[in-house]
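Report on one structure; see the data block that follows.
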Amino acid sequence: TPTMIVALMIRGMGMGFLFLALTLFALGALKGSTNTQGVALFTTHRQFGGIFSVAVLQRYIDRQNALNEMVVSSHLNEGGTELAWRLQRIGDSLYAAGMEKGDAAKAAMAMVKRSMQAQVSVLSYNEAFLAIALFFAVAVPIIISFRIWLARRHRTGI
């Protein structure tokens with residue numbers, strides 16, 4: 008926790024400024040009775056977008072987990088010397104701690120699989136954050152262009 012608190016605070020401030028900017032951008036030009044309708048529409052779309060994006064992101068992470076597990080596990084060949092060395096080393100340390108030889112071998116394999124699953128999860132979440140960044144890199148210019156187009160259209164009276 009102490010090593011992550013600064014990163015979490017920066018992320019929280021960034022999200023706060025992002026939502027503040029989006030709210031001001033969406034509702035800044037509304038006046039009078041349209042303000043309440045705009046707030047309702049903005050809140051509804053924000054909630055729907057949040058629910059939809061969480062579902063899409065979870066689906067993406069699940070697919071990336073399966074793909075990354077396949078890729079990472081392909082490097083764990085049953086006859087590979089690195090895997091055999093690691094299993095032997097873990098098994099020996101468990102045996103030295105008082106575990107039976109057969110149980111130590113099974114526990115060593117379970118520990119390697121757990122370690123692999125942690126690596127797969129880290130890879131999947133890294134790819135998810137990259138996908139979110141790419142989404143915003145594409146979506147923000149489109150939204151700004153649309154807003155500029157609407158302003159020009161309103162000025163010319165079309």
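FYI, in this note's numbering the residues of the sequence shown are 8 to 165. C-beta: ideal position from N, C-alpha, C; glycine also.
| query | Should A115 and G98 be called a contact, given that it needs their Cβ atoms to be closer than 7 Å? | reply | Yes. Within cutoff.
| task | Classify A111 as buried or exposed, calling it buried when 16 or more other Cβ atoms lie within 10 Å of its own Cβ. | result | Counting Cβ neighbours within 10 Å, A111 comes out buried, since at least 16 surround it.
| request: Taking the CB atoms as reference points, tell me whether V79 and M118 lie closer together than 7 Å. | output: In this structure, M118 does not lie closer than 7 Å to V79 by Cβ.
| field | Expected contact under 8 Å - CB spacing of Q71 and S131 to nearest Å | value | Between Q71 and S131, the beta carbon gap of about 4 Å places them in contact (Cβ cut-off 8 Å).
| Where does the unbroken alpha helix (DSSP H) through A146 begin, and where does it stop? | That run of the alpha helix (DSSP H) goes 108–163.
| query | Under 7 Å between the Cβ atoms of V127 and E89? | reply | In this structure, E89 does not lie closer than 7 Å to V127 by Cβ.
| Local conformation of M11 per DSSP, three classes | Here DSSP, grouped into helix, strand and coil, assigns M11 to coil.
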